[in-house]
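Counting in the UniProt record's numbering, the sequence shown runs from 1 upward without gaps.
Every residue, glycine too, gets a C-beta built ideally from N, C-alpha and C.
All values derive from a computational prediction rather than experimental measurement.
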Amino acid sequence: MHSVYGYDAFRGHQAAAIEQVAGGGDAVVLMPTGGGKSLCYQIPALLREGTGVVVSPLIALMHDQVDALVRNGVRAAYLNSGQQPHERADVERAYLAGELDLLYIAPERLSNPAVQRFLEGGTVALFAIDEAHCVAQWGHDFRPDYLALGDLAERWPDVPRIALTATATEATHREITERLHLGGAEHYVSSFDRPNIQYRISPKAEVRRQLLEFVRSEGRDAEGNPVPGIVYALSRASTEKYAAYLAEHGIDAVPYHAGLPPEVRRRTQDRFLREEGVVVVATIAFGMGIDKPDVRFVAHVDLPKSVEGYYQETGRAGRDGLPATAWLAYGLQDVVQQRRMIDESPGDLAHRRRMQSHLDAMLALCETVDCRRQNLLGYFGERSTPCGNCDTCLVPPASWDGTVPSQKLLSTIVRLQRERGQRFGAGHLVDILRGKQTARMTQYGHDRLATFGLGADLSDAQWRGVVRQLLAQGILQTVGEYGVITLTDEAAAVLSGDRTVSFRVDADRPARSRGSSRS
Ligand code: ADP
Ligand code: ZN
């Protein structure tokens with residue numbers, strides 16, 4: 001550690017995991033992003049005879065890691081499909097000659113019998129399986145190629161294996177252990193808390209304006225210089241739209257997505273790493289393997305598909321341990337859209353259920369009236385106390401009794417469905433309750449419904465909040481491609497008055513952080 005990396009001391013479970021693997025044992029390492037997972041397999045690979053074989057799912061990631069290692073004087077190389085035949089031949093020769101400390105390989109290569117025979121021609125010091133959560137079918141990032149990695153145990157029974165990940169619920173942890181045949185491994189589980197990250201989640205009102213306000217409030221250091229940040233959006237088109245909007249308003253914002261030419265992406269990545277205060281507006285294609293410690297904020301303008309994804313993306317903020325902010329804006333439309341994507345997804349029923357439960361957990365985080373961090377850590381099986389550094393801790397949300405408005409909405413849906421066999425999306429239901437005389441209203445005769453105009457006491461935005469929170473609480477659900485809304489079994493108790501419903505009062509703007517000074 002000292003001579004190769006120049007560090008003074010190990011962190012957390014590093015030393016224990018290194019000893020275990022260097023001594024020939026297996027290990028499962030769960031450590032948050034920035035925790036220092038790489039050392040856990042790199043040092044044992046240097047200590048043991050032969051080459052440490054590292055399975056890594058991303059070619060870009062491999063390239064950067066190998067570059068950094070070579071700069072430190074470690075004999076590292078990688079094999080992937082992007083290489084020229086002669087480059088590959090050079091690496092293969094070096095491996096067989098025992099001249100490599102570390103060899104990075106993509107998972108699909110390692111499951112190839114020819115590649116396995118090739119590896120048997122040399123000496124494997126250990127197998128490191130990075131991003132090990134990719135083996136978990138229950139997880140958010142499953143990759144079928146990872147399943148074959150379980151066979152390494154049988155083929156190389158004497159070679160230690162270490163699986164590492166920065167995102168694992170208890171279920172994923174169990175799957176990693178089973179599927180990678182790590183029954184005899186030692187487990188090193190770190191806290192997933194990132195105390196320097198302040199979590200904030202706001203309902204969407206006018207998201208562009210909210211984003212601009214957020215970036216302006218977060219985007220300067222103590223000397224008034226702009227700070228680097230990442231904004232995540234769902235579609236390629238919207239990354240360009242938001243970047244253009246921020247740029248118009250004086251922010252140094254650039255879009256990044258997989259549809260841009262490689263040289264443009266490379267330039268954006270270089271600018272982000274080297275210059276001060278560049279804001280990248282990106283799809284989730286951006287960020288994996290980018291080791292930039294001083295990212296001061298991560299913003300999401302669309303709802304992430306899972307808590308795991310959200311945690312991974314927000315984890316790119318504040319890796320240097322200094323204050324950083326994770327801000328998310330989400331609205332009813334996000335819920336409807338994601339639900340539709342799940343319904344239309346090509347997977348089987350089990351797959352759709354999995355996606356739905358990921359979405360449910362994400363919504364529960366968004367709508368909680370308790371500490372965000374407690375909810376987030378609880379999702380990863382970790383107990384904690386209220387953190388004092390999230391929006392709900394800093395400004396406890398008011399809640400209101402939404403039982404009566406919920407009953408009005410639910411009974412409108414029941415009447416339409418039972419009496420007329422009709423089902424509608426949120427927009428029209430809100431129009432009925434608000435008593436709006438639209439063309440559709442007269443066409444269907446909905447202005448004669450008993451609940452027509454019965455909800456004029458709430459605004460459109462408040463009603464949309466009611467629908468959104470009822471969806472999040474599992475009292476309503478959307479079905480089909482038009483975002484049609486129906487009741488779940490939970491609704492009966494609300495209608496009968498046996499169950500009350502309580503909602504967060506929507507703040508229409510992001511909470512301010514306590515002071516904006518950053519050191
Ligand atoms: P992870 O893979 O868990 O996200 P890395 O292995 O990339 O984390 O390490 C994160 C950062 O911390 C890197 O810049 C790395 O050089 C640094 N680091 C790791 N271990 C130590 C240590 N013991 N002392 C100081 N810095 C460390
Ligand atoms: Zn909190």
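Going by DSSP in three states, glutamine 422 sits in which element: helix, strand or coil? In the sequence shown, counting from the first residue as 1, residue 422 sits at position 422. Three-state DSSP puts glutamine 422 in coil, outside helix and strand.
Which partner residues does aspartate 401 have in the DSSP bridge list? Counting from one through the sequence shown, the residue named residue 401 turns up at place 401. For aspartate 401, which the question treats as bridged, DSSP gives the partners Ser502.
Three-way DSSP call (helix, strand, coil) for alanine 258 in this model: Your numbering for residue 258 matches position 258 in the sequence shown. In this structure, alanine 258 counts as coil in the three-state DSSP scheme.
Run the CB neighbour count on arginine 265, radius 10 Å, all protein chains shown included, and call it buried at 16 or more, exposed below. Sequence index remark: in the sequence shown, residue 265 carries index 265 (1-based). Arginine 265 should be labelled buried.
May I ask you to check if the CB of leucine 39 is nearer than 8 Å to at least one heavy atom of the ligand ADP? Locating residue 39 in the sequence shown gives position 39, where the first residue counts as 1. Within the cutoff, so yes.
In the DSSP assignment, find the unbroken beta strand (DSSP E) run with glutamine 443 in it and report its ends. Reading the sequence shown from its first residue, position 443 is the one you call residue 443. No beta strand (DSSP E) contains glutamine 443, which is instead part of the alpha helix (DSSP H) from 439–444.
For valine 466, collect the residues of the same chain with a Cβ closer than 8 Å to its Cβ; drop the 5 residues on either side in sequence, then sort them by chain order. Within the sequence shown, numbered from 1, the residue matching residue 466 stands at position 466. Gly402, Pro405, Ser406, Leu409, Leu458, Phe503.
DSSP state of alanine 136, grouped into three classes? Sequence index remark: in the sequence shown, residue 136 carries index 136 (1-based). Here alanine 136 carries a coil assignment [DSSP, helix/strand/coil].
Checking the sheet assignment: what are the DSSP bridge partners for valine 298? Within the sequence shown, residue 298 is the residue found at index 298, counting from 1. Valine 298 is bridged to Ile230, Ala326.
Going by the CB atoms, is the gap between glycine 98 and glycine 122 shorter than 9 Å? As a working note, residue 122 is residue 122 in the sequence shown. As a working note, residue 98 is residue 98 in the sequence shown. Contact: yes.
By the DSSP assignment, the alpha helix (DSSP H) with leucine 110 in it spans what residues? Locating residue 110 in the sequence shown gives position 110, where the first residue counts as 1. Boundaries of the alpha helix (DSSP H) around leucine 110: 107–110.
According to DSSP, is serine 238 helix, strand or coil? Taking the first residue of the sequence shown as 1, we reach residue 238 at position 238. Three-state result, serine 238: helix.
Do you know offhand how far histidine 133's Cα is from tyrosine 78's? Locating residue 133 in the sequence shown gives position 133, where the first residue counts as 1. Locating residue 78 in the sequence shown gives position 78, where the first residue counts as 1. Between the alpha carbons of histidine 133 and tyrosine 78 lies a gap of roughly 21 Å.
Is it true that the CB of valine 335 sits closer than 9 Å to the CB of leucine 376? By 1-based counting over the sequence shown, the position of residue 376 is 376. By 1-based counting over the sequence shown, the position of residue 335 is 335. Note that the C-beta distance between leucine 376 and valine 335 is not below 9 Å.
Determine the closest residue to tyrosine 232 out of Arg316, Leu96, Gln116, with distance taken between C-alpha atoms. Within the sequence shown, numbered from 1, the residue matching residue 232 stands at position 232. The option with the nearest alpha carbon to tyrosine 232 is Arg316.
Please tell me whether, using a cut-off of 8 Å, the distance from the CB of asparagine 389 to the nearest non-hydrogen atom of the ligand ZN is below it. For the purposes of this step, residue 389 is taken as residue 389 along the sequence shown, with counting starting at 1. Yes, the ligand ZN has a heavy atom inside 8 Å of this Cβ.
For arginine 215, which option in Glu223, Gly52, Thr325, Tyr5 has the closest C-alpha, if you only look at C-alpha atoms? If you number the sequence shown from 1, residue 215 lands on position 215. The sequence as given places valine at residue 215; arginine does not occur at that position. It is Thr325.
Could you tell me the distance, in whole angstroms, from the CA atom of proline 203 to the CA atom of valine 279? By one-based count along the sequence shown, residue 203 stands at place 203. By one-based count along the sequence shown, residue 279 stands at place 279. Here the alpha carbons of valine 279 and proline 203 stand approximately 22 Å from one another.
Pick helix, strand or coil for arginine 518, following the three-state DSSP scheme. For the purposes of this step, residue 518 is taken as residue 518 along the sequence shown, with counting starting at 1. With a pLDDT of 34 at arginine 518, under the threshold of 50, the predicted position of this residue should be treated as unreliable, though the coordinate-derived value follows. Three-state result, arginine 518: coil.
Please tell me whether, using a cut-off of 8 Å, the distance from the CB of aspartate 8 to the nearest non-hydrogen atom of the ligand ADP is below it. Counting from 1 along the sequence shown, the entry for residue 8 is found at position 8. Checking the Cβ of aspartate 8 against the ligand ADP gives yes.
With a threshold of 8 Å (Cβ to nearest heavy atom), would proline 293 be considered close to the ligand ZN? For the purposes of this step, residue 293 is taken as residue 293 along the sequence shown, with counting starting at 1. With a threshold of 8 Å, the Cβ atom of proline 293 does not count as near the ligand ZN, since no heavy atom of the ligand is closer than that.
Could you tell me if glutamine 473 is buried or exposed, where buried requires 16 or more neighbouring beta carbons within 10 angstroms of its beta carbon? For the purposes of this step, residue 473 is taken as the residue at position 473 of the sequence shown. Burial state of glutamine 473 is buried, judged by a 10 Å Cβ sphere holding 16 or more other Cβ atoms.
DSSP-derived helix/strand/coil call for residue 520: Missing from the structure shown is residue 520; the chain here goes from 1 to 519 and no further.
State the Cα-Cα distance for the pair lysine 436 and glycine 455, rounded to the nearest angstrom. Taking the first residue of the sequence shown as position 1, residue 436 is located at position 436. Taking the first residue of the sequence shown as position 1, residue 455 is located at position 455. Taking the straight line joining both Cα atoms gives about 11 Å.
Does the beta-carbon of tyrosine 7 have 16 or more other beta-carbons within 10 angstroms, so that it is buried, or is it exposed? Mapped onto the sequence shown, residue 7 falls at position 7. It counts as exposed.
To the nearest angstrom, report how far apart leucine 394 and arginine 274 are at their CA atoms. Along the sequence shown, one-based indexing puts residue 394 at 394. Along the sequence shown, one-based indexing puts residue 274 at 274. Their backbone Cα atoms lie some 34 Å apart in a straight line.
Go ahead and label aspartate 158 buried or exposed: buried means 16 or more other beta carbons lie within 10 angstroms of its beta carbon, across all protein chains shown. Start at 1 with the first residue of the sequence shown, and residue 158 comes out as number 158. By the 10 Å Cβ count, aspartate 158 comes out exposed.
Between the C-alpha atoms of glutamate 276 and glycine 36, what's the straight-line distance to the nearest angstrom? What you label residue 276 is simply residue 276 of the sequence shown in a count that begins at 1. What you label residue 36 is simply residue 36 of the sequence shown in a count that begins at 1. Taking the straight line joining both Cα atoms gives about 25 Å.
Using CA atoms only, rank isn't needed, just tell me which of Leu126, Glu108, Ala168, Leu119 is closest to histidine 143. Indexing the sequence shown from 1 puts residue 143 at position 143. Contrary to the premise, residue 143 reads as arginine rather than histidine in this sequence. Answer by Cα proximity: Glu108.
Between cysteine 366 and tyrosine 199, how many whole angstroms is the CB-CB distance? I'm expecting something under 8 Å. Translated into the one-based positions of the sequence shown, residue 366 becomes position 366. Translated into the one-based positions of the sequence shown, residue 199 becomes position 199. Actually they are not in contact, since the Cβ atoms of cysteine 366 and tyrosine 199 sit about 11 Å apart, beyond 8 Å.
From leucine 46 to tyrosine 5, what does the alpha carbon distance come to, in whole angstroms? The residue you call residue 46 lines up with position 46 of the sequence shown. The residue you call residue 5 lines up with position 5 of the sequence shown. The alpha-carbon atoms of leucine 46 and tyrosine 5 are separated by roughly 12 Å.
Complete runs of the beta strand (DSSP E) confined to the segment 40–68 [at least 3 residues]: Counting only runs of 3 or more, we get 51–55.
Output the distance between the C-alpha atoms of aspartate 151 and glycine 347, rounded to the nearest integer angstrom. As a working note, residue 151 is residue 151 in the sequence shown. As a working note, residue 347 is residue 347 in the sequence shown. Going from the Cα of aspartate 151 to the Cα of glycine 347 covers about 26 Å.
Could you check whether threonine 33 and alanine 166 sit closer than 9 Å to each other, using their CB atoms as the reference points? Sequence index remark: in the sequence shown, residue 166 carries index 166 (1-based). Sequence index remark: in the sequence shown, residue 33 carries index 33 (1-based). Contact: yes.
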